[in-house]
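Enquirer: My questions will all concern the structure given below.
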Amino acid sequence: MKKRSVMLLSGAIMALAAAIAPGAASARDLTVVSWGGNYQDAQREIYFKPFAAQTGKPVLDEAWDGGIGILQAKIKAGNPNWDAVQVEAEELALGCNDGLFEEIDWDKLGGRDSFLDSAVSDCGVGAIVWSTAIAYDGDKLKEGPQSWADFWDTKKFPGKRALRKGPKYTLEFALLADGVPVKEVYDVLATPEGVDRAFRKLDELKPNLVWWEAGAQPLQLLASGEVAFTSVYNGRITGINRSEGKNFKIVWPGSIYAVDSWVILKGAENKDAAMDFIAFASKPENQSKLPQYIAYGLPVKAAAAAVTPELQADLPTAPANLEHALALDVDFWIDNAEALTQRFNAWLAR
Amino acid sequence: MSEVSFRQRVGALALVAPLALFIALFFVWPLVTVLKESVSDATVSHALPTMVDAAADWNRQSPPTAAMKAALVTDLRGIEDQQLFGDLVRRLNSAQAGFRTLLPKTRTAVDKSRETTAPEAVDLEEIDKRWSNPAYWQAIAGTLSPFTDQHLLAAVDLSRDGTGAIVALGADESANLTILLRTFWVSALVTLVCLAIGLPYAMLAAAMTGWRRQLLLGAVLLPLWTSLLVRTASWYILLQDNGLVNDALQSLGLTDAPLRLIFNRVGVVIAMAHILLPFMVLPIYSVLITIPKTLMPAAASLGAHPLLAFLRVLLPLSLRGVASGALLVFMAAIGYYITPALIGGAQDQMISSVIAFYATGSANWGMAAALGIVLLAATLLLYMVYGWLSSDKTARA
Numbered sequence: 001m002k003k004r005s006v007m008l009l010s011g012a013i014m015a016l017a018a019a020i021a022p023g024a025a026s027a028r029d030l031t032v033v034s035w036g037g038n039y040q041d042a043q044r045e046i047y048f049k050p051f052a053a054q055t056g057k058p059v060l061d062e063a064w065d066g067g068i069g070i071l072q073a074k075i076k077a078g079n080p081n082w083d084a085v086q087v088e089a090e091e092l093a094l095g096c097n098d099g100l101f102e103e104i105d106w107d108k109l110g111g112r113d114s115f116l117d118s119a120v121s122d123c124g125v126g127a128i129v130w131s132t133a134i135a136y137d138g139d140k141l142k143e144g145p146q147s148w149a150d151f152w153d154t155k156k157f158p159g160k161r162a163l164r165k166g167p168k169y170t171l172e173f174a175l176l177a178d179g180v181p182v183k184e185v186y187d188v189l190a191t192p193e194g195v196d197r198a199f200r201k202l203d204e205l206k207p208n209l210v211w212w213e214a215g216a217q218p219l220q221l222l223a224s225g226e227v228a229f230t231s232v233y234n235g236r237i238t239g240i241n242r243s244e245g246k247n248f249k250i251v252w253p254g255s256i257y258a259v260d261s262w263v264i265l266k267g268a269e270n271k272d273a274a275m276d277f278i279a280f281a282s283k284p285e286n287q288s289k290l291p292q293y294i295a296y297g298l299p300v301k302a303a304a305a306a307v308t309p310e311l312q313a314d315l316p317t318a319p320a321n322l323e324h325a326l327a328l329d330v331d332f333w334i335d336n337a338e339a340l341t342q343r344f345n346a347w348l349a350r
Numbered sequence: 001m002s003e004v005s006f007r008q009r010v011g012a013l014a015l016v017a018p019l020a021l022f023i024a025l026f027f028v029w030p031l032v033t034v035l036k037e038s039v040s041d042a043t044v045s046h047a048l049p050t051m052v053d054a055a056a057d058w059n060r061q062s063p064p065t066a067a068m069k070a071a072l073v074t075d076l077r078g079i080e081d082q083q084l085f086g087d088l089v090r091r092l093n094s095a096q097a098g099f100r101t102l103l104p105k106t107r108t109a110v111d112k113s114r115e116t117t118a119p120e121a122v123d124l125e126e127i128d129k130r131w132s133n134p135a136y137w138q139a140i141a142g143t144l145s146p147f148t149d150q151h152l153l154a155a156v157d158l159s160r161d162g163t164g165a166i167v168a169l170g171a172d173e174s175a176n177l178t179i180l181l182r183t184f185w186v187s188a189l190v191t192l193v194c195l196a197i198g199l200p201y202a203m204l205a206a207a208m209t210g211w212r213r214q215l216l217l218g219a220v221l222l223p224l225w226t227s228l229l230v231r232t233a234s235w236y237i238l239l240q241d242n243g244l245v246n247d248a249l250q251s252l253g254l255t256d257a258p259l260r261l262i263f264n265r266v267g268v269v270i271a272m273a274h275i276l277l278p279f280m281v282l283p284i285y286s287v288l289i290t291i292p293k294t295l296m297p298a299a300a301s302l303g304a305h306p307l308l309a310f311l312r313v314l315l316p317l318s319l320r321g322v323a324s325g326a327l328l329v330f331m332a333a334i335g336y337y338i339t340p341a342l343i344g345g346a347q348d349q350m351i352s353s354v355i356a357f358y359a360t361g362s363a364n365w366g367m368a369a370a371l372g373i374v375l376l377a378a379t380l381l382l383y384m385v386y387g388w389l390s391s392d393k394t395a396r397a
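The listed protein sequences correspond, in order, to chains A and B.
In case it helps, full-length UniProt numbering puts the first sequence at residues 1 to 350.
In case it helps, full-length UniProt numbering puts the second sequence at residues 1 to 397.
Laid out in structure tokens, this is it:
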């Protein structure tokens with residue numbers, strides 16, 4: 001009896017242990033994480049599939065919507081299940097500070113000089129230059145909005161509007177709508193009065209606002225007619241216009257541009273393969289294909305130079321589009337993201 | 001005799017041991033960890049060990065002492081582990097915005113002068129003029145204790161001011177209580193809707209026999225086997241302005257313009273009620289089928305109107321199922337996250353979305369844990385009230 005119960009117990013413990021550590025020894029395929037939607041479809045065509053064909057090993061791709069906490073949780077838990085991840089500028093800076101990312105081997109990438117300055121860091125490699133801008137359906141509105149002031153003008157343009165949920169971009173756009181010149185936005189936002197001013201401006205539009213989180217959502221909202229305007233990642237608009245024959249328009253003045261970067265998670269199982277993948281995606285001949293699918297600027301100088309002029313015109317990096325655009329102030333958001341997000345969430349909840 | 005009973009006891013224990021182990025591993029241990037996470041605050045004292053002594057007798061009003069400044073330089077030079085430094089920066093920045101850029105800058109500067117300048121001789125204010133602002137020093141001094149009630153207080157919109165007194169946070173700064181109340185309110189609404197649909201449905205199913213009953217039960221069970229996300233996404237498609245529901249209403253001429261059914265409370269309650277309905281129907285049904293079918297005819301033969309017979313006989317007997325169904329639905333509802341996030345507007349987000357923000361967005365696990373604890377405590381309280389009410393009923397009966 002006793003013997004049997006001991007066997008039962010030890011059997012149960014062994015079964016439990018086996019359930020807890022499933023296949024700890026089996027190797028995981030290289031896992032690349034990007035931002036989903038038609039952007040990731042494009043990356044799959046020109047980066048993931050060709051890289052898998054070249055190395056003869058499968059590449060898994062997953063999508064996320066950002067959040068430094070997700071990366072931190074994966075690394076703190078040990079043995080992260082992602083290898084290469086595309087992150088936003090402040091996630092790159094935060095994670096680099098906190099030791100969440102592997103160091104980049106710039107020799108594999110053709111040296112730092114072959115990239116735009118803003119795309120180079122110790123633990124990240126610029127992947128795209130992208131913009132957040134107003135988009136509207138050109139088939140429904142002949143005379144579209146020209147500025148963020150128009151975005152706020154519900155008399156002239158009735159209907160709901162969508163913005164990305166969170167204080168980043170939202171507060172900048174509110175100040176632009178309130179008449180702050182592009183060059184002074186971050187100076188105003190750095191003062192408590194400026195933050196109050198932005199929230200007061202948001203109050204005006206609050207009943208008409210819908211919030212999105214994933215980059216594919218604004219396209220759906222716009223296509224279904226749920227909203228009249230939305231903020232959007234610029235490349236996806238060009239992407240859906242080409243792939244589904246839509247006539248969505250982008251408003252460049254007052255758009256905010258930033259650089260997204262590839263990073264490798266600290267201690268990732270396939271970190272060498274991930275480095276090779278990033279090098280593959282940074283080769284001019286591979287990267288220069290991206291604008292055919294989706295209109296993002298290219299951080300590799302030789303790749304950007306190889307893009308045809310008609311495709312150039314849609315990129316955030318085109319001089320005409322940059323003229324009244326604003327560069328995201330990464331340092332401002334690194335310091336203030338937590339306090340402002342808390343206030344933003346409290347504002348949303350009221 | 002005693003030998004046998006001992007062996008029997010061991011045998012019985014061994015039989016439940018896997019279950020006990022499972023509960024300890026997947027229930028007790030995570031709960032204890034979460035509780036610990038919500039009050040533990042050892043990062044700063046761990047990263048800045050000499051600062052703990054240096055700041056011990058600082059009164060937090062006067063300018064920081066020379067010893068504190070030297071201790072900061074010594075400690076910053078002593079941090080080898082980059083992830084520990086990252087934790088330090090994150091913790092201090094959540095107490096006082098600005099440390100994100102201030103600390104790395106200071107660390108680089110004091111590292112550079114490691115060979116040439118003694119800790120006492122470093123002029124911090126020359127590295128960054130923010131060090132002359134006492135708020136930064138107060139933030140460091142305030143985070144040196146290894147335990148904190150800061151997260152738990154913040155979870156219910158309270159905080160400690162510079163002197164340590166507990167004060168309420170302004171409406172601008174925090175809305176956790178509002179969101180917590182809303183969570184309970186939405187859950188109560190969903191429970192009511194589920195009850196209004198679920199009780200008659202369960203009665204119908206219990207009254208039927210054969211394939212009709214199987215069909216009715218299958219209709220409840222089928223959604224249960226479909227992914228939560230799929231069901232939520234389907235409601236998203238059905239409820240939108242140009243969705244099936246609005247198209248149908250307009251083509252029937254019932255409405256002129258589309259009803260706002262999505263991104264508001266109505267949509268959230270509809271979708272959540274649909275998803276949680278099985279948890280109401282099944283417990284009620286399981287109680288109803290145990291009630292003898294002869295009771296209602298018996299009541300009628302004694303002259304009771306069907307409605308009276310329902311109210312005096314069937315309803316009281318089914319109350320046990322109603323109570324457990326309502327409890328199941330309510331408790332499942334207060335933890336909902338994905339449905340309000342997709343179907344709801346900004347004013348319909350529930351407490352889980354706040355927890356998710358702290359856990360995945362800002363990596364502030366202490367705050368996420370504290371909110372989880374508050375939610376758990378509120379739920380346990382409600383459960384106790386339920387237990388007290390139901391035992392009271394049985395006593396009276």
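Just so it is clear, CB atoms sit at the ideal spot from N, CA and C, and this is done for glycine as well.
1. How many angstroms separate the CA atom of Ser34/A from the CA atom of Phe157/A?
2. Could you compute how far the alpha carbon of Arg320/B sits from the alpha carbon of Trp29/B?
3. So, is the C-beta of Glu173/B closer than 8 Å to a C-beta in chain A?
4. Below 7 Å on C-beta distance, what does Ala339/A contact in chain B?
5. In the DSSP assignment, find the alpha helix (DSSP H) that holds Ile237/B and state where it starts and stops.
6. For the alpha helix (DSSP H) that Val233/A lies in, which residues bound it at each end?
7. Could you give the distance in angstroms between the alpha-carbon of Tyr39/A and the alpha-carbon of Leu327/B?
8. Assign Arg310/A to one of three DSSP states: helix, strand, or coil.
9. With 8 Å set as the bound, which would you pick, yes or no: does the beta-carbon of Gln83/B sit closer than that to a beta-carbon of chain A?
10. Smallest Cα separation from His151/B: which of Val374/B, Tyr383/B, Thr379/B?
11. What residue ranges within the region 116 to 189 of chain A form continuous beta strand (DSSP E) runs of no fewer than 3 residues, ordered along the chain?
12. By Cβ distance below 6 Å, which residues in the same chain neighbour Gly124/A in space, the five residues on each side in sequence not counted?
13. Compute the Euclidean distance between the alpha carbons of Trp212/A and Arg231/B, then round it to the nearest angstrom.
14. Please say whether Asn79/A and Gly267/A have beta carbons closer to each other than 8 Å?
15. Quick one: does Asp75/B have its CB under 8 Å from some CB of chain A?
16. Just to confirm before moving on: does the CB-CB distance between Thr31/A and Trp82/A stay below 8 Å?
17. Indicate whether Lys142/A and Ala228/A have their beta-carbon atoms separated by less than 8 Å.
18. Quickly, what does DSSP pair Ser261/A with across the bridge? List them, please.
19. Could you please give me the residues that DSSP links to Arg197/A through a beta bridge?
20. Touch check for the region 308 to 315 of chain B and the region 218 to 235 of chain B: three-plus C-beta pairs under 8 Å?
21. Sorted by chain position, which residues of the same chain lie with C-beta nearer than 7 Å to Val110/B's C-beta, five sequence neighbours on each side aside?
22. Note down, in chain order, all residues in the region 234 to 257 of chain B with a beta-carbon under 7 Å from any beta-carbon belonging to chain A.
23. Please check if any C-beta of chain A sits within less than 8 Å of the C-beta of Ala323/B.
24. Could you tell me which whole alpha helix (DSSP H) segments of length 4 or greater appear in the region 83 to 112 of chain B?
25. Find out if the Cβ-Cβ distance for the pair Ala97/B, Ala339/A is shorter than 8 Å.
26. Could you name the residues of the region 68 to 85 of chain A whose beta carbon sits closer than 9 Å to any beta carbon of chain B, in the order they occur along the chain?
27. What number of angstroms, rounded off, separates the C-alpha of Ala378/B from the C-alpha of Gly372/B?
28. Measure the alpha-carbon distance for Lys129/B versus Thr106/B and round it to whole angstroms.
29. Please name the residues in the region 308 to 338 of chain A whose beta-carbon is closer than 8 Å to at least one beta-carbon of chain B, in chain order.
30. Thr31/A lies in the beta strand (DSSP E); which residues open and close that run?
31. Between Gly111/A, Ala325/A, Asp29/A, which lies nearest to Lys183/A when the distance is taken from Cα to Cα?
32. Need the endpoints of the beta strand (DSSP E) that Ser159/B sits in, please.
33. Under the rule that 16 or more other beta-carbon atoms within 10 Å means buried, what is Ala273/A, buried or exposed?
34. Quick check on Lys293/B: does DSSP put it in helix, strand or coil?
35. Helix, strand or coil: how does DSSP classify Ala77/A here?
36. Does the Cβ-Cβ distance between Gln90/A and Ala337/A come in under 8 Å?
Expert: Taking the structure as given:
1. One-based indexing of the first sequence puts residue 34/A at position 34. One-based indexing of the first sequence puts residue 157/A at position 157. Cα to Cα, Ser34/A sits roughly 34 Å from Phe157/A.
2. Here residue 320/B refers to the residue found at position 320 of the second sequence. Here residue 29/B refers to the residue found at position 29 of the second sequence. When rounded, the distance between both Cα atoms is 32 Å.
3. For the purposes of this step, residue 173/B is taken as residue 173 along the second sequence, with counting starting at 1. Chain A, which has a Cβ nearer than 8 Å to the Cβ of Glu173/B, makes this yes.
4. What you label residue 339/A is simply residue 339 of the first sequence in a count that begins at 1. Result: Ala97.
5. Taking the first residue of the second sequence as 1, we reach residue 237/B at position 237. Taken as a continuous stretch (DSSP letters only), the alpha helix (DSSP H) holding Ile237/B covers 228 to 239.
6. Along the first sequence, one-based indexing puts residue 233/A at 233. A small correction: the amino acid at residue 233/A is Tyr; Val does not occupy that position in the sequence shown. Tyr233/A -> not in any alpha helix (DSSP H); beta strand (DSSP E) instead, spanning 229 to 233.
7. By 1-based counting over the first sequence, the position of residue 39/A is 39. By 1-based counting over the second sequence, the position of residue 327/B is 327. Cα to Cα, the separation comes out at about 44 Å.
8. Within the first sequence, the letter at position 310 stands for residue 310/A. Here the sequence assigns Glu to residue 310/A, which means Arg is not the residue at that position. Here Glu310/A sits in helix by DSSP.
9. On the second sequence, residue 83/B is found 83 positions in, with the first residue counted as 1. Yes, its Cβ sits closer than 8 Å to a Cβ of chain A.
10. Your numbering for residue 151/B matches position 151 in the second sequence. Residue Val374/B is the option with its Cα nearest to His151/B.
11. 125 to 137, 161 to 164
12. Looking up residue 124/A in the first sequence gives position 124. Closer than 6 Å at Cβ, skipping near neighbours: Leu92, Ser261, Val263.
13. For the purposes of this step, residue 212/A is identified with residue 212 of the first sequence, where counting begins at 1. For the purposes of this step, residue 231/B is identified with residue 231 of the second sequence, where counting begins at 1. In a straight line, the C-alpha of Trp212/A is about 19 Å away from that of Arg231/B.
14. Your numbering for residue 267/A matches position 267 in the first sequence. Your numbering for residue 79/A matches position 79 in the first sequence. Yes.
15. Looking up residue 75/B in the second sequence gives position 75. Closer than 8 Å: no.
16. On the first sequence, position 31 is the one that residue 31/A refers to. On the first sequence, position 82 is the one that residue 82/A refers to. Yes; because the gap between Cβ atoms is below 8 Å, this pair is in contact.
17. The sequence position of residue 142/A within the first sequence is 142, counting from 1. The sequence position of residue 228/A within the first sequence is 228, counting from 1. Result no, Cβ atoms of Lys142/A and Ala228/A do not sit closer than 8 Å.
18. Working through the first sequence from its first residue, we reach residue 261/A at position 261. According to DSSP, which records beta bridges pairwise, Ser261/A is partnered with Val87/A, Gly126/A.
19. On the first sequence, residue 197/A is found 197 positions in, with the first residue counted as 1. DSSP lists no partner for Arg197/A.
20. no
21. Locating residue 110/B in the second sequence gives position 110, where the first residue counts as 1. Hits under 7 Å: Val73, Leu76, Arg77, Val122.
22. Gln240, Asp241, Asn242
23. Here residue 323/B corresponds to residue number 323 of the second sequence, with the count starting at 1. For Ala323/B, the answer is no, since every Cβ of chain A falls outside 8 Å of its Cβ.
24. 99 to 112
25. The residue given as residue 97/B occupies position 97 in the second sequence. The residue given as residue 339/A occupies position 339 in the first sequence. In this structure, Ala339/A lies closer than 8 Å to Ala97/B by Cβ.
26. Ile68, Gly69, Ile70, Leu71, Gln72, Ala73, Ile75, Lys76
27. In the second sequence, residue 378/B corresponds to position 378, counting from 1. In the second sequence, residue 372/B corresponds to position 372, counting from 1. Between Ala378/B and Gly372/B, the C-alpha separation is close to 10 Å.
28. Here residue 129/B corresponds to residue number 129 of the second sequence, with the count starting at 1. Here residue 106/B corresponds to residue number 106 of the second sequence, with the count starting at 1. Roughly 11 Å separates the two Cα atoms.
29. Asp331, Ile334, Asp335, Asn336, Ala337, Glu338
30. Counting from one through the first sequence, the residue named residue 31/A turns up at place 31. Residues 30 to 34.
31. Here the question's residue 183/A lines up with position 183 in the first sequence. With distances taken between Cα atoms, Lys183/A lies closest to Ala325/A.
32. Residue mapping note: residue 159/B aligns to position 159 of the second sequence, counting from 1. From DSSP, the beta strand (DSSP E) with Ser159/B extends over 158 to 160.
33. Walking along the first sequence from the start, residue 273/A turns up at place 273. It counts as buried.
34. Within the second sequence, residue 293/B is the residue found at index 293, counting from 1. Correct three-state label for Lys293/B: coil.
35. In the first sequence, counting from the first residue as 1, residue 77/A sits at position 77. Correct three-state label for Ala77/A: coil.
36. As a working mapping, residue 90/A is identified with position 90 in the first sequence. As a working mapping, residue 337/A is identified with position 337 in the first sequence. The question names Gln, yet the displayed sequence has Glu at residue 90/A. Going by C-beta atoms, Glu90/A is nearer than 8 Å to Ala337/A.
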